[in-house]
Structure formats: structure tokens, C-alpha cells
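Read the structure below first, then the notes.
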Amino acid sequence: MNLLYQKKLLSRWLIAILWCSIIAPIFQHVSVMSLPNNETVPAVMVFGDSIVDPGNNNYITTLVKCNFPPYGRDFGEGNQPTGRFSNGLVPSDIIAAKLGVKKLLPAYLDPNLQLQDLLTGVSFASGGAGYDPLTAELVNVMSLSDQLDMFKEYIKKINEAVGRNRTTMIVSKSIYIVCVGSDDIANTYYQSPFRSAEYDIPSYTDFMASEASKFLQELYGLGARRIGVFGLSVIGCVPSQRTLGGGLNRACLDSSNQAAMLFNSKLNSQMVVLGKKFSDSRLVYLDSYNGFLSMLQNPAKFGFEVIKKGCCGTGDIEVSILCNRYSINTCSNTTHYLFWDSYHPTQEAYLALSSLVFDNKIKDFF
Ligand SMILES: *[C@@H]1O[C@H](CO)[C@@H](O)[C@H](O)[C@H]1NC(C)=O
Ligand SMILES: *[C@@H]1O[C@H](CO)[C@@H](O)[C@H](O)[C@H]1NC(C)=O
Ligand SMILES: *[C@@H]1O[C@H](CO)[C@@H](O)[C@H](O)[C@H]1NC(C)=O
1 MNLLYQKKLL
11 SRWLIAILWC
21 SIIAPIFQHV
31 SVMSLPNNET
41 VPAVMVFGDS
51 IVDPGNNNYI
61 TTLVKCNFPP
71 YGRDFGEGNQ
81 PTGRFSNGLV
91 PSDIIAAKLG
101 VKKLLPAYLD
111 PNLQLQDLLT
121 GVSFASGGAG
131 YDPLTAELVN
141 VMSLSDQLDM
151 FKEYIKKINE
161 AVGRNRTTMI
171 VSKSIYIVCV
181 GSDDIANTYY
191 QSPFRSAEYD
201 IPSYTDFMAS
211 EASKFLQELY
221 GLGARRIGVF
231 GLSVIGCVPS
241 QRTLGGGLNR
251 ACLDSSNQAA
261 MLFNSKLNSQ
271 MVVLGKKFSD
281 SRLVYLDSYN
291 GFLSMLQNPA
301 KFGFEVIKKG
311 CCGTGDIEVS
321 ILCNRYSINT
331 CSNTTHYLFW
341 DSYHPTQEAY
351 LALSSLVFDN
361 KIKDFF
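Given below as C-alpha cells:
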């Protein structure tokens with residue numbers, strides 16, 4: 001073996017070792033769950049907003065983007081802004097990993113996707129979307145009906161590639177995750193004049209719930225059977241809402257939290273009704289409100305210290321294009337932060353939340 005070759009080999013080893021020691025900690029948090037009755041889940045399909053958008057918005061013309069630093073600071077080998085609205089993984093990745101499907105759930109619009117990527121699932125989510133169609137329209141992103149159109153196109157593509165039988169198996173046995181609605185209340189209702197003139201919160205949350213029901217029925221109509229729907233989180237307690245209406249103590253905005261709870265109860269009732277109507281489906285309500293509330297009420301138990309500010313910039317207001325490489329005072333380590341920017345949790349918070357909200361519900365999908 002000549003010296004040059006040895007050197008090459010050594011540097012390859014070093015790269016491999018470095019790569020493993022950096023990558024491993026990101027994924028070692030997510031352990032694969034065992035599924036009941038030897039069930040398999042061929043793929044994970046996701047619909048929703050920025051909580052579960054792995055970068056679809058990178059490929060459309062909108063200001064709701066985050067494919068630049070410091071987003072993705074802890075992703076992969078580090079400093080990899082992918083379009084995920086966090087420092088690292090988002091819940092769609094974490095759920096796909098927990099189900100043993102794959103470690104990252106890609107964006108459907110990613111032009112580099114291979115057939116195998118499609119067969120194991122994608123996210124159709126678009127940051128800024130809502131149950132209310134106006135929510136996506138106001139910020140020029142893909143609405144839930146656009147997302148369903150992409151899902152139809154997806155079915156057609158895999159049908160052409162692997163045939164009808166396998167497509168039917170994938171569509172019916174996959175786990176579907178829906179996570180959307182907080183932008184309807186936080187942005188469209190409270191920040192724009194369009195809906196608050198027309199609706200009060202009881203009627204607006206009725207409208208949202210009826211849109212949610214329509215969406216779930218269409219998804220069922222396309223063949224989905226195992227569907228998990230995240231309720232709204234404690235949206236009045238995200239840093240930007242505390243800044244807007246929380247006063248000097250940065251208290252939570254009670255009106256947003258009340259609206260979220262009201263919507264969640266309506267969503268839950270709609271899901272019960274649909275579950276009876278479609279008896280071959282499993283509709284699973286995922287209670288992010290109470291999951292997140294327990295983290296807010298007892299942060300130390302989950303390893304968190306900073307809960308009222310995000311890591312990015314001042315932590316009070318920066319989100320999306322306002323959170324960028326020029327943001328001043330960005331924290332150096334998110335480990336003890338609940339929020340990455342003024343609206344979105346850190347990877348660390350998403351890991352804790354997914355365990356609280358998803359793990360004990362897995363049996364309900366089968
Ligand atoms: C699961 O699969 C194993 C091995 O194929 C089998 O022995 C076992 O009975 C199965 N369990 C159930 C609940 O079907
Ligand atoms: C599709 O499934 C049906 C019923 O299980 C079977 O009869 C048929 O041969 C399958 N077709 C292909 C192309 O595998
Ligand atoms: C952040 O802090 C934690 C605990 O203090 C430490 O384990 C981790 O390595 C730090 N991460 C970075 C990227 O510095």
C-alpha cells in the first residue's frame with residue numbers, strides 16, 4: 001500500500017468518524033416504536049403549515065420562507081437551512097422516524113426526489129397555510145386544497161411507477177398527519193381585518209371546524225384511512241403573541257388560547273362524527289394543547305429554561321425573513337430553549353412534544 005493511498009484511506013476514515021459523531025446525536029433522540037400486531041406503515045403523508053413543512057415553500061413565490069441561516073443551525077451536520085421552520089427536525093420528520101419509515105420526511109416539491117422517496121411518503125405542508133382558505137391566500141402559499149391536488153398528482157405518479165395494487169396498499173396503510181390551524185387564529189383572525197369584521201370567535205371556529213371536516217372527508221375519499229390530526233397548541237403563549245399583548249411580564253395572550261381550545265373541542269367533535277360515518281378509518285386526535293401546556297407549566301421537567309423568548313435575535317418578534325443571519329443576540333445553544341424563533345419551537349421542544357402527544361396514541365391508528 002503506498003503512502004498516498006494510506007493517507008486517502010485515513011482521511012476517509014476521519015471524515016466517516018466525524019460525520020457519525022456529528023449526525024448521530026441528531027437522530028439518536030428518536031427511537032423507533034413498535035407497532036401493534038406486526039402492523040407495517042409503508043409511508044407517512046403530511047398536510048399542514050410551517051410546523052410540518054420541510055421546505056415546500058422554498059419552491060414557491062412567497063415571503064414565508066426560512067431556507068437561510070440561522071434556520072437549520074442544528075440540522076444534519078449543522079448549518080443546513082432546508083426550509084424547516086426550526087433549528088433542526090420538525091414533527092413530520094420525528095413521526096416518520098418513530099414509525100421506522102425514514103429519518104427525514106422530504107418536501108413533495110423537492111425536485112431531487114427519487115421514486116423510493118415518494119413511496120415512503122412526503123410532506124405536502126406549506127408554511128402559512130390554514131383551514132381557512134384565506135389564510136394561505138393572504139401570504140401566497142399552498143392552501144389545503146392545493147395540498148390535496150398535489151396528493152392526487154402523487155397518487156397518479158406512484159400508480160404509474162408501481163401499479164395499482166401497490167399504490168392502493170400504500171395509500172390505505174400509510175399514516176397521515178394533519179397539522180394546521182394556528183395561523184387562522186394568530187394571523188388571519190387577529191392580525192388581519194378580513195375575518196374579524198365578519199365573524200366572532202365562536203362563528204370563526206365553527207367555520208374552521210367545518211373546513212377541517214371537509215378536508216378530512218376529501219382525504220378519506222382519496223383513500224386515506226389512518227389519519228392523525230393535531231389540535232391547536234397553546235398559541236397565545238408563543239413569544240410573538242406575548243410581545244403583542246402580554247405586557248411587561250410577557251404573559252400569554254388569553255384570547256388566542258381560548259380560541260384554540262374552542263376550536264379544538266369543535267375539531268374533536270367533527271372527528272367523532274366522521275369516525276362513525278367512516279367506520280373503516282381511524283381518526284386520531286393529537287392533543288398538542290395539553291402536551292405543550294405541560295411543557296410550559298413545568299419546563300424544568302423537560303430540560304427547558306427559556307420559555308418566553310425564542311432563540312433567534314431578541315426572541316420577541318423575529319420569525320421567517322425577520323430571523324436571519326443579521327439578527328442580533330441569537331442564542332448560541334438551543335438546548336434549554338422551548339422556542340427557536342418567535343413562533344416556532346426548537347427541535348428539542350418538538351422531540352419532547354412528539355413523545356407526549358404521539359407515543360401513547362399509536363395503537364389508535366390500527
Ligand atoms: C408477529 O409476527 C411473528 C413472526 O412472524 C409471529 O410469530 C407473531 O405471532 C405475530 N404476532 C401477531 C400478534 O400477529
Ligand atoms: C392485484 O391484486 C389482485 C387481487 O389481490 C390480484 O388478483 C392481481 O393479480 C394483482 N395484480 C397485480 C398486477 O399484481
Ligand atoms: C448545548 O448545550 C448542551 C448542554 O449544555 C450540550 O450538551 C451541547 O453539546 C451543546 N450544543 C452545542 C451545539 O453547543
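The sequence shown begins at 1 in the working numbering and counts up one residue at a time. Every residue gets a Cβ at the ideal spot worked out from N, C-alpha and C, and that includes glycine.
{"query": "So, with DSSP's three-state summary, where would you put Ile175?", "result": "strand"}
{"query": "Taking a contact to mean a Cβ-Cβ separation below 8 Å, would you say Asp132 touches Thr188 in this structure?", "result": "yes"}
{"query": "Hey, is the region 194 to 207 in contact with the region 63 to 78, meaning 3+ C-beta pairs nearer than 8 Å?", "result": "no"}
{"query": "Going by beta carbon distance, what residues of the same chain come within less than 8 Å of Asn87, once the five residues before and after it are set aside?", "result": "Pro70, Tyr71, Gly72, Arg73, Asp74, Phe75, Cys311, Thr334, Trp340, Thr346 and Gln347"}
{"query": "Could you pull the start and end residues of the alpha helix (DSSP H) that Tyr204 belongs to?", "result": "Ile201 to Gly221"}
{"query": "Compare the Cα-Cα distances from Ser143 to each of Lys173, Asn56 and Phe365 and report the closest residue.", "result": "Asn56"}
{"query": "CB of Asn333 to nearest heavy atom of ligand 3: below 7 Å?", "result": "yes"}
{"query": "What three-state label does DSSP hand Arg166 in the structure shown?", "result": "helix"}
{"query": "Mapping the DSSP letters down to three states, classify Leu144 as helix, strand or coil.", "result": "helix"}
{"query": "Just to confirm my understanding: we take Val52, look at its own chain, exclude 5 residues before and 5 after, and list those with CB closer than 7 Å. What are they?", "result": "Val46, Val90, Pro91, Ser92, Ser123, Ala125, Ile177 and Cys179"}
{"query": "Our contact map puts Pro54 next to Arg84 with C-beta atoms below 8 Å; I'd like the distance itself, whole angstroms only.", "result": "5 Å"}
{"query": "Report the three-state DSSP secondary structure of Ile307 (helix, strand or coil).", "result": "strand"}
{"query": "What three-state label does DSSP hand Leu338 in the structure shown?", "result": "strand"}
{"query": "Alpha carbon to alpha carbon, how far is Leu286 from Leu253? Give it in angstroms, no decimals.", "result": "23 Å"}
{"query": "Does the region 227 to 235 come within contact of the region 260 to 270, defined as at least 3 CB pairs closer than 8 Å?", "result": "yes"}
{"query": "Nearest-angstrom Cα distance between Ala224 and Leu296?", "result": "34 Å"}
{"query": "What is the DSSP secondary structure of Pro25, counted as helix, strand or coil?", "result": "Note on Pro25: pLDDT 42, under 50, position unreliable in the model; no value is reported."}
{"query": "Could you tell me which residues DSSP pairs with Phe230 in its beta bridges?", "result": "Leu286"}
{"query": "List the whole-angstrom C-beta distance separating Thr120 from Lys98, where the pair is believed to meet the contact cut-off of C-beta under 8 Å.", "result": "Thr120 to Lys98, Cβ: 14 Å. No contact."}
{"query": "Reducing DSSP to helix, strand and coil, say where Phe47 ends up.", "result": "strand"}
{"query": "List the residues that DSSP assigns as beta-bridge partners of Pro345.", "result": "Phe339"}
{"query": "Identify, in the order they occur along the chain, each residue of the same chain with its Cβ nearer than 6 Å to the Cβ of Ile227, setting aside the five sequence neighbours on each side.", "result": "Tyr176 and Leu283"}
{"query": "Can you give me the C-alpha to C-alpha distance between Gly275 and Val162, rounded to a whole angstrom?", "result": "30 Å"}
{"query": "At what residues does the alpha helix (DSSP H) containing Met271 begin and finish?", "result": "Asp254 to Lys277"}
{"query": "Any heavy atom of ligand 4 inside 7 Å of the beta-carbon of Asn165?", "result": "Judged by which ligands are present, ligand 4 is missing from the structure shown, whose ligands are ligand 1, ligand 2 and ligand 3."}
{"query": "Are the beta-carbon atoms of Leu222 and Phe292 separated by less than 8 Å?", "result": "no"}
{"query": "Go to Val139, then tell me how far its alpha helix (DSSP H) extends in each direction, as first and last residue.", "result": "Pro133 to Val139"}
{"query": "Please go through the same chain and pick out, in chain order, the residues whose beta-carbon is closer than 7 Å to the beta-carbon of Asp110, but skip the five residues on each side of it.", "result": "Gly55"}
{"query": "Can you name the start and end residues of the alpha helix (DSSP H) that Arg325 belongs to?", "result": "Per DSSP, Arg325 belongs to no alpha helix (DSSP H) and is neither H nor E."}
{"query": "Could you tell me which of Ala107, Ile185 and Ala352 sits nearest to Gln258, measuring between CA atoms?", "result": "Ile185"}
{"query": "Figure out for me which residue from Phe215, Asp49 and Tyr220 has the closest Cα to the Cα of Val171.", "result": "Tyr220"}
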